[in-house]
Structure formats: structure tokens, C-alpha cells
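J.:
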Ligand SMILES: [Zn+2]
Ligand SMILES: [Zn+2]
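Residue numbers (our numbering): 20 to 328.
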């Protein structure tokens, strides 16, 4: 375990400007004994000076979601706020402020606005909203049907595409309901990243509405075919690099799979879903496992209820 802690320490000490390889990134991934965990509550990965990925420590909350912070010249966009409300054990707002301070210490504007949006409304993606609520310069878009449609201007949900201008950096948002109800995917033109929340990630994706999910993945795959997508990045890792799932609720995940998926993985998932047709069923592609929620409920009953997924 000491060796693993040491490995994690090396991984997070990569200099911010070294253009570290996202595919090879070893994230902090919990401990066999969380009482002994000495990792920071948030792993900070600066992909480039304007683009940071945060990962919550599994010993703070087993969901260990990923949070994306994207800077434009006017606005810092925060996609999701993680699984823990408490600012002491999970100082997300302070971390974002530090990122802003580091970035604006040069010639950049001090008056950067913060916009907080969500991949969807499950608790493990919005718990620290309270840390941002009411803070100066913060626009917090709640992950409700009404607020999401209103903010993005989706008048014919789940059709349409919304543009977000951060100042010199444009994002596109696509409705992708199915895992939950208000799910969106974000495409960042600058990095070519397609951020897919809990809709596509290396792990078990629970699907609430099968037909909606199939349509969403078809739209995502079509979008990816017509845009330069460098990486498909979701909000969790629940799989080892050999494709086996870690146990539900695991707080220690050695040899995690890469966070980074590709357009081919999305295409394979789309193909499998289209072949499966209307009947909800488990889909296993090697990179993503899709499980319809009604089947899960029959099998594991109340076990799933405490988990927001
Ligand atoms: Zn989640
Ligand atoms: Zn979810």
C-alpha cells in the first residue's frame, strides 16, 4: 500500500505546464484503509493552462466523480460539483478559486465569472452546489428540467444543440437523457473533448429510460462523427484496466482503467444498442457496461437505492 500511495504522490506532482498525457494519468484512487489515506481530497490535473480535471478522493466519497473546469477569457465553467457538500472535507469552491487565482495572476482579468452546470441531477454531481450558492460572480444552473431547458434554451428537448461562450472558447451542449432525465453532454471545441457525464464512462451505466438512452447515444455518436473529438470523458471510473468492474461502493481501485474513451468506443456502444433494439437488456462492450435499471431493481432490490450513480 505504501508503494501505491507513493505512486499516487508521483502522479499528482506532475508540473502543470508539462502537458501530461491524459490517457496515462494515474488518478488518486482510494486506499485499502481509508483511515490511513493521506491523499488530498481533490486530485487536480491541469491538462493545459485553461483546462483542469478534478477528481474527488474515493475516501471522501466512494463515487469519486470527475469535475471539469474550463476557462475562457470571461467565464470559468465548472461541470458538476461532486458528491460531498461539506467544504472542509471537500473544498471544491476554494479549489476553483485557487485555480482562478493561479490563472489570473498574470495579465488575465480578475473579474472572471463562474458558471456552474451539471452533467445531470444525481446527488454525486451536485452535492457541493451549496459551496457556490450566493457567491459573487457565480451563476449556478440547477439540474432541474426547468432550469436546464431555460438556461440552455432547449425548446424541443431532447433535440437541439446549445452554444456556450466562455470568451474565446465555445462549448456545445447536447441533451442526452436516459441515465437520468436532465442529462447533457458537453463538447469543447478547443480540446475536442466530449464530456459525457454518467451517460458514457468506463464502468456500469445504469439506464432509467431505455429508449431515451438509445436515442441519446445515437445522437452522440452522430455528433462525434461530424466533429473532431479527441477524447470521450465521463464522470466516473468503475473498471480496472482489464475490464473487470470494481465492487459497487469500492473505496480502493488499484489499476484503474483510463478515464479516456474514444469515438470508436462510442460507436461500438451505439451499434450494440441499435442491435439490441427496444427490449431493455444488459450491453457489454468491453469499455462500457449498460444496465437497464428495471432489471437491476429486480436483481438487487433496495441495494441500489442509497447510491446516486
Ligand atoms: Zn454519478
Ligand atoms: Zn448519475
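Glycine included, every Cβ here is placed at the ideal spot set by N, Cα and C. Quick caveat: nothing in here was measured; it's all calculated off a predicted structure.
Say yes only if the C-beta of residue 255 is nearer than 8 Å to one or more non-hydrogen atoms of ligand 1, and no if none qualify.
T.: Taking the chain shown and counting its residues from 1, the one referred to as residue 255 is at position 236. Indeed, a heavy atom of ligand 1 lies less than 8 Å from the Cβ.
J.: Measure the C-alpha to C-alpha separation of residue 282 and residue 219 and round it to an integer number of angstroms.
T.: Your numbering for residue 282 matches position 263 in the chain shown. Your numbering for residue 219 matches position 200 in the chain shown. If you take the alpha carbons of residue 282 and residue 219, they lie about 11 Å apart.
J.: So, for residue 227: in the same chain, excluding its five sequence neighbours on each side, which residues have a beta-carbon less than 8 Å away from its beta-carbon?
T.: The residue labelled residue 227 in the question sits at position 208 within the chain shown. So the qualifying residues of the chain are 197, 198, 199, 200 and 312.
J.: With distances taken between CB atoms, is the gap from residue 103 to residue 79 smaller than 9 Å?
T.: Your numbering for residue 103 matches position 84 in the chain shown. Your numbering for residue 79 matches position 60 in the chain shown. For residue 103 and residue 79, yes; Cβs fall inside 9 Å.
J.: My assumption, with CB atoms under 8 Å, is that residue 254 sits in contact with residue 60. Please give the rounded CB distance.
T.: Reading the chain shown from its first residue, position 235 is the one you call residue 254. Reading the chain shown from its first residue, position 41 is the one you call residue 60. Not really, about 17 Å apart at Cβ, beyond 8 Å.
J.: When DSSP labels each residue in this structure, what does residue 184 get in the three-state scheme?
T.: Reading the chain shown from its first residue, position 165 is the one you call residue 184. Three-state DSSP puts residue 184 in a strand.
J.: Just the Cα atoms here: how many angstroms apart are residue 88 and residue 215?
T.: The sequence position of residue 88 within the chain shown is 69, counting from 1. The sequence position of residue 215 within the chain shown is 196, counting from 1. C-alpha separation (whole angstroms): 14 Å.
J.: For residue 165, does the three-state DSSP call read helix, strand or coil?
T.: Locating residue 165 in the chain shown gives position 146, counting from the first residue. Three-state result, residue 165: helix.
J.: So who's on the other strand from residue 65, going by DSSP bridges?
T.: Residue mapping note: residue 65 aligns to position 46 of the chain shown, counting from 1. 71.
J.: Does ligand 1 have even one heavy atom less than 8 Å from the beta-carbon of residue 69?
T.: Here residue 69 corresponds to residue number 50 of the chain shown, with the count starting at 1. Because no heavy atom of ligand 1 lies under 8 Å away, the Cβ of residue 69 does not count as near it: no.
J.: Would the beta-carbon of residue 144 be found less than 8 Å away from any heavy atom of ligand 1?
T.: Reading the chain shown from its first residue, position 125 is the one you call residue 144. Indeed, a heavy atom of ligand 1 lies less than 8 Å from the Cβ.
J.: Excluding the five sequence neighbours on either side, which residues of its own chain have a C-beta within less than 6 Å of the C-beta of residue 160, listed in chain order?
T.: In the chain shown, residue 160 corresponds to position 141, counting from 1. The answer, listed in chain order, is 136, 166 and 170.
J.: Would you kindly work out how many angstroms separate the C-alpha atoms of residue 168 and residue 114, rounded to a whole number?
T.: If you number the chain shown from 1, residue 168 lands on position 149. If you number the chain shown from 1, residue 114 lands on position 95. In a straight line, the C-alpha of residue 168 is about 29 Å away from that of residue 114.
J.: Residue 258: which of 53, 308, 181 and 94 sits nearest, CA to CA?
T.: Counting from one through the chain shown, the residue named residue 258 turns up at place 239. That would be 308, whose Cα lies nearest to the Cα of residue 258.
J.: By DSSP's criteria, residue 90 is part of a beta bridge. Which residues make up the other side?
T.: Reading the chain shown from its first residue, position 71 is the one you call residue 90. Residue 90 pairs with 95.
J.: With hydrogens ignored, establish whether the beta-carbon of residue 217 is closer than 8 Å to any heavy atom of ligand 1.
T.: Along the chain shown, read from residue 1 onward, the residue named residue 217 stands at position 198. Because some heavy atom of ligand 1 lies under 8 Å away, the Cβ of residue 217 counts as near it: yes.
J.: Since I believe residue 185 is in contact with residue 90 (beta carbons under 8 Å), could you give me their beta-carbon distance rounded to a whole number of angstroms?
T.: Within the chain shown, numbered from 1, the residue matching residue 90 stands at position 71. Within the chain shown, numbered from 1, the residue matching residue 185 stands at position 166. Their Cβ separation, rounded to whole angstroms, is 7 Å, which keeps residue 90 and residue 185 in contact under 8 Å.
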